[in-house]
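Numbers 3 to 159, taken from the numbering used here, label the letters of the first sequence in order.
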Amino acid sequence: MGKGIYCLAFNTSYGWLTLYATNKGIKEIKFGKWGDKNSDKAKSSILYELKEDILCYLEGKKGGRKSFEYTLDAKFSDFQLKLFKALKKNVSYGETISYKELADKIKSSPRACGQALGSNPLPIIIPCHRVIQKNGELGGFGGGIKWKQALINLEKS
DNA sequence: GGCACACACGAAC
DNA sequence: GTTCGTGTGTGCC
Numbered sequence: 003m004g005k006g007i008y009c010l011a012f013n014t015s016y017g018w019l020t021l022y023a024t025n026k027g028i029k030e031i032k033f034g035k036w037g038d039k040n041s042d043k044a045k046s047s048i049l050y051e052l053k054e055d056i057l058c059y060l061e062g063k064k065g066g067r068k069s070f071e072y073t074l075d076a077k078f079s080d081f082q083l084k085l086f087k088a089l090k091k092n093v094s095y096g097e098t099i100s101y102k103e104l105a106d107k108i109k110s111s112p113r114a115c116g117q118a119l120g121s122n123p124l125p126i127i128i129p130c131h132r133v134i135q136k137n138g139e140l141g142g143f144g145g146g147i148k149w150k151q152a153l154i155n156l157e158k159s
C-alpha cells in the first residue's frame, strides 16, 4: 500500500480544486492547486468520480448534480456534525440561510456556526456556501468570497 | 483542568 | 460607524 492518502488536483471554470481521500472515504477539499507529494501514486477511483460530480455540479445546468452522497473520512467535532446535519436537513439546493437561523436550529449562536463552518474540511460537499449573513452580505468563505458568490449564483439559476 | 483569544455573526446604540 | 454579547475551537500554561 502506501501512505494511504490519495490526492487529485484539477481545474474548473472558477479555479483549481484539490481533492484528498483515504481508502475509507473523502477526506478534504481544498481550493487551489496543491502538490501531491504526500499522496499515493496509485489512483483512487473515488476521487475521479468526485471530480466528475463536482464538474457536473459546477455546470449548474439541468441535469447537473445537486447533492453529493459519498462516504467521508474527515474528522468532525460533535458540534460540526450537528451543524452540518442541520444544514443538510434545512437548506436545500438553491436556498440560503443566515448564520443566526442555522444557529437557532441547533440552539447555538451565530458566532459558533461561523467558527465551525470556517473549519469545514469539505466545502461544496457540505454546502457551507449557502450560509450567509442576515443582512444579506455573504460573510466569509475559506476559498474566497468569489467562490461563495459563484456557487450561490449557479444554484440560483 | 483553566484561561485567553480568535472567529465566515448579530443586535443595539 | 461603534461596542458588546455570544458558543465553539485551539493553544498555551
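All C-beta atoms in this analysis are idealised placements derived from N, C-alpha and C, irrespective of residue type, glycine included.
| Asked | Found |
| --- | --- |
| The stretch 141-152 touching the stretch 72-88, judged by at least three CB pairs closer than 8 Å | no |
| Cβ contact (3+ pairs, closer than 8 Å) linking the stretch 81-91 and the stretch 105-124 | yes |
| Rounded straight-line distance, which links the Cα of L49 to that of L10 | 7 Å |
| Straight-line Cα distance separating I134 from L153 | 12 Å |
| E30 beta carbon less than 8 Å from that of L124 | yes |
| CA nearest to the CA of G6, picked from Y72, K35, A23, G17 | A23 |
| Exposure of S69, with buried meaning 16 or more beta-carbon neighbours within 10 Å | exposed |
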